[in-house]
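Visitor: Just so you know, the sequence shown maps onto residues 2 to 287 in the working numbering.
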Amino acid sequence: MKLFAIDLDGTLLSSKVEVSSENNAAIREAQEAGHKIMICSGRAPEDISNILEQEKLDCPVAGSNGTVVWVDGKELSTISLDKKDAADVSKQLDELSIPYRVYTNKGIYIPFSWMDRMTSAIDQNPIIKETVSAEELKRMTEQPKETDTVKLFDSIEELLNDESLTIQKFFTLTINAEVKKQLAGKLQEISGIAITSSGLFNIEVMDINGHKGNGLKTVASYFDIPLTDTLAIGDNFNDIPMLEQAAFSIAMGNADPKVKELCDAVTLTNDENGVAHAIHKYLLEK
């Protein structure tokens with residue numbers, strides 16, 4: 002029995018944000034052969050679980066970049082930010098008026114000022130208006146609505162003062178390259194955090210021990226699978242701890258070149274069923 006950790010966006014999901022029938026079938030085939038398949042994503046665990054439910058797949062989940070691990074519907078581990086560190090992160094984001102979301106044990110929290118922050122960010126990088134459709138631009142700048150899992154807030158103090166609430170991740174949208182560089186520099190001065198990125202226009206902030214590598218280790222330990230029997234596949238920088246932790250690492254064909262360099266193998270792209278190809282070549286045929 003082996004454990005295969007799979008990233009979601011840019012990996013299992015196509016550019017249309019869909020799980021192909023080929024990828025779905027390959028996961029089922031691997032499970033039927035006795036292997037464990039886990040999903041390790043920057044998305045909230047609830048979001049991942051919804052996708053798996055739609056696909057009628059049953060897999061362990063490591064959400065919010067591996068900081069929250071669920072197996073068989075129960076929480077195995079949660080790694081949260083220290084509240085002082087969270088306050089320091091929020092202070093830097095507010096000073097630069099950066100749009101952000103806070104991933105917590107009670108759902109995702111978004112500032113009421115999201116629309117103003119987003120509009121300002123786009124104005125700082127007008128080329129974005131030439132690279133996205135009018136519909137996408139409208140979606141990016143419209144005010145988020147509250148749902149069962151999404152809440153709006155005025156001040157980070159509301160979250161920090163709630164003793165029952167813990168923060169696992171900040172997701173920031175940094176459309177302007179200079180602002181992204183400036184923010185990264187400021188965040189690196191906060192000793193208790195780790196920063197990563199899952200795309201050109203974002204920075205993600207977790208506790209220094211909160212990453213996908215620990216998510217993989219937690220699930221491997223739960224199933225008594227030695228790390229020598231683990232594989233991982235991904236496409237971006239937030240996947241690196243997981244790829245480094247696994248005994249065998251696979252980069253997607255669409256992965257960042259730096260991610261490809263550190264992996265043991267490169268598969269097809271996320272629009273070419275790269276996950277299915279990797280499962281058949283590196284898990285089922287070995």
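Note that the Cβ used here is the ideal one computed from N, Cα and C, for glycine as well. Since the structure is predicted, the reported quantities are computational estimates derived from the model, not experimental observations.
With H, G and I counted as helix, E and B as strand and the rest as coil, what does DSSP make of S78?
Guide: One-based indexing of the sequence shown puts residue 78 at position 77. In the structure shown, S78 sits in a strand (DSSP, three-state: E or B).
Visitor: Does chain D have any CB closer than 8 Å to the CB of H281?
Guide: Looking at the structure shown, chain D is missing, and only one protein chain is on hand.
Visitor: According to the Cβ coordinates, are N51 and G211 closer than 8 Å?
Guide: The residue you call residue 51 lines up with position 50 of the sequence shown. The residue you call residue 211 lines up with position 210 of the sequence shown. No, they are not a contact pair.
Visitor: Decide if the region 239-259 is in contact with the region 17-26; the criterion is three or more beta carbon pairs, one per stretch, under 8 Å apart.
Guide: No, the region 239-259 does not touch the region 17-26.
Visitor: Secondary structure at T105, three-state DSSP: helix, strand or coil?
Guide: Residue numbering aside, residue 105 sits at position 104 when the sequence shown is read from its first letter. In the structure shown, T105 sits in a strand (DSSP, three-state: E or B).
Visitor: Take S198 and list the residues in its own chain whose beta-carbon comes closer than 8 Å to its own, dropping the five residues that flank it on each side.
Guide: Walking along the sequence shown from the start, residue 198 turns up at place 197. Counting only Cβ-Cβ distances below 8 Å, and skipping sequence neighbours, we find I204, E205, N237, F238 and N239.
Visitor: Name the residue from K146, L188 and P61 whose alpha carbon lies nearest to the alpha carbon of E96.
Guide: For this step, residue 96 is matched to residue 95 along the sequence shown. Checking every option, the nearest Cα to that of E96 belongs to L188.
Visitor: Alpha carbon to alpha carbon, what distance is there between K84 and V20?
Guide: As a working note, residue 20 is residue 19 in the sequence shown. As a working note, residue 84 is residue 83 in the sequence shown. Cα to Cα, V20 sits roughly 36 Å from K84.
Visitor: In chain order, which continuous runs of the alpha helix (DSSP H) of length 4 or greater are located wholly inside the region 156-195?
Guide: Those alpha helix (DSSP H) runs which fall completely within the region 156-195 and span 4+ residues are 157-161 and 178-188.
Visitor: Per DSSP, which one or two residues make a beta bridge with M207?
Guide: Start at 1 with the first residue of the sequence shown, and residue 207 comes out as number 206. Beta-bridge pairing links M207 to A195.
Visitor: Taking just the CA atoms, how far does I176 sit from K130?
Guide: Within the sequence shown, numbered from 1, the residue matching residue 130 stands at position 129. Within the sequence shown, numbered from 1, the residue matching residue 176 stands at position 175. Their backbone Cα atoms lie some 11 Å apart in a straight line.
Visitor: F113 by DSSP, collapsed to three states: which one?
Guide: Taking the sequence shown and counting its residues from 1, one reaches residue 113 at position 112. In the structure shown, F113 sits in coil (DSSP, three-state: anything other than H, G, I, E or B).
Visitor: Output the distance between the C-alpha atoms of G35 and E137, rounded to the nearest integer angstrom.
Guide: As a working mapping, residue 35 is identified with position 34 in the sequence shown. As a working mapping, residue 137 is identified with position 136 in the sequence shown. G35 and E137: Cα-Cα distance of roughly 42 Å.
Visitor: Thinking just about the alpha-carbon of each residue, which of E33, S42 and S15 is nearest to the one in I7?
Guide: Position 6 of the sequence shown, counted from the first residue, corresponds to residue 7. For the residues E33, S42 and S15, the minimum Cα distance to I7 belongs to S42.
Visitor: Per DSSP, F5 is paired with what?
Guide: On the sequence shown, position 4 is the one that residue 5 refers to. Per DSSP, I38 and L232.
Visitor: Would you decide whether I128 is buried or exposed? Buried here means 16 or more other CB atoms lie within 10 Å of its CB.
Guide: Residue mapping note: residue 128 aligns to position 127 of the sequence shown, counting from 1. So I128 counts as exposed.
Visitor: Under a Cβ-count criterion, where at least 16 other Cβ atoms within 10 Å of its own Cβ denotes burial, should G214 be classed as buried or exposed?
Guide: Counting from one through the sequence shown, the residue named residue 214 turns up at place 213. The residue in question, G214, is buried, as its Cβ has 16 or more Cβ neighbours within 10 Å.
Visitor: Is it buried or exposed, D257, if we count other Cβ atoms within 10 angstroms and call 16 or more buried?
Guide: Counting from 1 along the sequence shown, the entry for residue 257 is found at position 256. So D257 ends up on the buried side.
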